[in-house]
Each structure stands twice: as C-alpha cells, then as structure tokens.
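Quick notes on the structure that follows.
Numbering (this note's numbering), first residue to last: 21 to 440.
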C-alpha cells in the first residue's frame, strides 16, 4: 500500500502517622553537518552504564536508572539519596522516612530491580504511587523489603494487602521482578513467586509513580529497568488503516515486504486517525543514510497543507559533533525538538533505534535504545498550538518525511493511553 502524491517524489511499611513516607519548522531546514574532528579517545555510542542487552531493548525494556545520576527521579523529602557511579547504584542511609519517585507515571509493566537493605532494616519498592502517598492501603502498592515485620509483611509482601509466607536473608542483594497488569500484581523475589494478588475493588489503582523507600537502615538499589505492557498496536505491519496522509505531501509512505513504513522524500506527514493526550508510546525507527532528519509528532493539531505539523516533535537525528555522543549535532534523537537537547545520542544511522516516549500532563520523558535522554516539563502558557505554547489537549501522532533526502523506516508502533 502506498500513501503518495502525484507530484514528483524527491525522493515498604509506612510511618504510622500522617507524614508522607514516603519541532521541526513547517518549512524544513537543512540539518547542520556534523564535525569531523576526531577526539583522542572517542566516547562509545552505547553508554557503559547501559545494562540492558540488545534483545531486551528491542523487546521494549528501558532503564529507569542510568547507573550514574538521579536523572528522571525526584526525592519526596530530605533523605540523602545519591547515585554511586562506582557501584552503579542508588543509595540512602540518613534522613526521615521518604521516597525517591520517578518523574512520570507508569501503568501496566514488568519491573526489575535489585535491592539491598541492612539486615535489621526496612525498605520497599512502591508502584502505582501517588505524588505524596500517606497510606499504603489506598495511595500506592508497597512491595516490602524487611526480614521482620509486626504485621507479617516481610520481603515481597504487599503492605496492607497480602503477606508473604516466604523469607529471604537480607545479607546480600535480592532480585525483584514485579508484574502489574490491571488489578493483578505478581511479585517474584530471587525468581521465586511470592505474591499473585488481584485487587478486589471497583477502583483499583491503574497508574502512578514508582518509588524507592528509605525507612530503617541503609538501603541500595540497582539494575532498575521496566518493560511497558498492555499497549494497543498502531501499526501491525500490514495496514495503514489507522493513519492518513496529510494533504499536499512531497513524499511517500510505503508498506515494505519487511512490514515497515518507509518514508521517502518530503516534506510529508503520516498522521494517526486517533488522538492521544497522556500516553506511553513505543516505536522503532531506522535512518537509511547519514545525518537524516525525521521525527514523531504528538499532541498535534489536525494537519493541513498549510500547517501539516503543529505539534510537539520527538526528534530523530543521529548526528553528533566531534565524534562525541554527548554533543548532538541537531538536538539529538529523543529530544523534544526546539525545546530540549538529548543528553546523549545512543543511536546510529543504518541501525534500528528503539524509542519510548511518555507524555504525562506537561511532563515529557524519552528513552532511546533503553537509555533516558529527555526529562522536560513545558512551563509555557497554555496554547492549542504546541509550537506557540504548552498543549494539554489530546492530539494526533504524525510520522515525518522531513525533506527530499528523507529515507526512514518505522515499525513496532504501540501506545498505552493513560486517559482510557
């Protein structure tokens, strides 16, 4: 199937008190050329702290912790949370009871995390958490980390919900694997199934922040990764029924025998039929020549021939300056174009790049090949047009054919709609 144009194609236990314990322009421009100056020791494209395998990245896994900073997290209070590059872990050992929370919410997922607490200590991993949880019975689900507990909520238990009948020594690291799908939560500790529980409530918690707790004793977390699940597919490899071509394109969008969408030439935009407000989007893209420019627009106004792409843009451009992936040549893949610069380019032309984007209110977070590159809040005044101000209203997704040089493929486009 082809969407084209007749034009020439140019080609843990809470405190028992009420304290929280817890875009490209409409007329495309030529991207700047990358510098060819070679440093004495070029930096690797793949960060050394990226612990996910290529297979896990292709399967949708993302790192919530980059191994060396607290990028993407915020503390609830004055706990001395710190990132330790030496051990690739997050640590805390003093301050009040409190949480370190992700900057955005997650809905259905698998979560992996290694945790270690003092043998006499108490900590926990929180999921579907409110911004300031006060009660583990109503404001979150707390997977506990404790050898002893007055109500029996030992390691792996869901506090105030279901106690575990297993015990685990706290002298060494424990590996948690938590699956949350709708009202069902499963908890494995060291590969043993500890909890399989379904919330019997008409209003189970459906999404929220992930939190790490410091309660009693020193605590340490590492290898924190998440795989979003329960998406709907926006492209199944065989049909473009969920998309439409914006009027007056100068390029084409073809289905390939490899079940990809091939954008060739431009400017041109392929727009989703549906609109989305708060969501988690995953997609794969491949640029088939050096320094190509493309993007995925979101919360976009319905495109017209005069205004085809008035939306936020998740940038796709793998160019780097001076062979340094810490210096993107054109904002960098994973940036919100014209608003942010990716903190690192982790992708290469000619290879599949795996993108994850969360739009949560006016907060936008992006991962490229499993690595967190963007965490930005739009603080501009509200406006229907994201080019002119902050847009909260749902809008279309739009794949971009940037200019006559465009040669880009897309596949595996899925979305979890937080508003439904």
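Quick reminder that beta carbons are idealized off the backbone N, C-alpha and C, glycines included.
Strand pairing of residue i, partner residues [DSSP]
i: residue 374; result: 304
i: residue 137; result: 239
i: residue 81; result: Residue 81 is not bridged to any residue.
i: residue 199; result: 130 and 206
i: residue 394; result: 386
i: residue 428; result: 283 and 307
i: residue 290; result: 265 and 419
i: residue 94; result: 121
i: residue 149; result: 229
i: residue 433; result: Looking at the DSSP assignment, residue 433 forms no beta bridge with any residue, so it has no partner.
i: residue 102; result: 111
i: residue 162; result: 146
Beta-carbon separation (whole angstroms), residue i vs residue j, contact threshold 8 Å
i: residue 303; j: residue 432; result: 6 Å
i: residue 364; j: residue 385; result: Wrong, their Cβ atoms sit about 14 Å apart, outside the cutoff.
i: residue 127; j: residue 300; result: 7 Å
i: residue 438; j: residue 380; result: 7 Å
Beta-carbon proximity check, residue i vs residue j, cutoff 8 Å
i: residue 390; j: residue 72; result: yes
i: residue 326; j: residue 351; result: no
i: residue 121; j: residue 96; result: yes
i: residue 330; j: residue 316; result: no
i: residue 123; j: residue 101; result: no
i: residue 139; j: residue 190; result: yes
i: residue 353; j: residue 347; result: no
i: residue 182; j: residue 215; result: yes
i: residue 161; j: residue 201; result: no
i: residue 423; j: residue 308; result: no
i: residue 244; j: residue 207; result: no
i: residue 135; j: residue 255; result: no
i: residue 99; j: residue 118; result: yes
i: residue 311; j: residue 286; result: no
Any non-hydrogen atom of the ligand COA closer than 7 Å to residue i Cβ
i: residue 384; result: Here there are no bound small molecules, and the ligand COA is not part of this structure.
Closer than 8 Å to chain C by CB, residue i
i: residue 438; result: The structure shown contains no chain C; it holds only a single protein chain.
Can we say the region 216-231 touches the region 267-279, given the rule of at least three CB pairs closer than 8 Å? no
Hey, which unbroken runs of the beta strand (DSSP E) at 3 residues or more fall wholly within the region 212-237? 212-218 and 229-236
Does the contact criterion of 3 or more C-beta pairs under 8 Å hold for the region 281-296 versus the region 388-399? no
Quick check: the region 175-189 against the region 241-249, are there 3 or more CB pairs under 8 Å? no
Pairs of beta-carbons, one from the region 225-236 and one from the region 415-424, closer than 8 Å: are there three or more? no
Which parts of the region 245-286 are runs of the beta strand (DSSP E), unbroken and 3 residues or longer, counting only runs that do not cross its ends? 263-265, 271-275 and 281-285
4 or more residues per run - each alpha helix (DSSP H) lying fully within the region 311-338: none
Closer than 8 Å is the cut-off here; do at least three beta carbon pairs connect the region 257-266 with the region 237-244? no
Give a yes or no on contact between the region 362-379 and the region 74-90, applying the rule of three or more CB pairs nearer than 8 Å. yes
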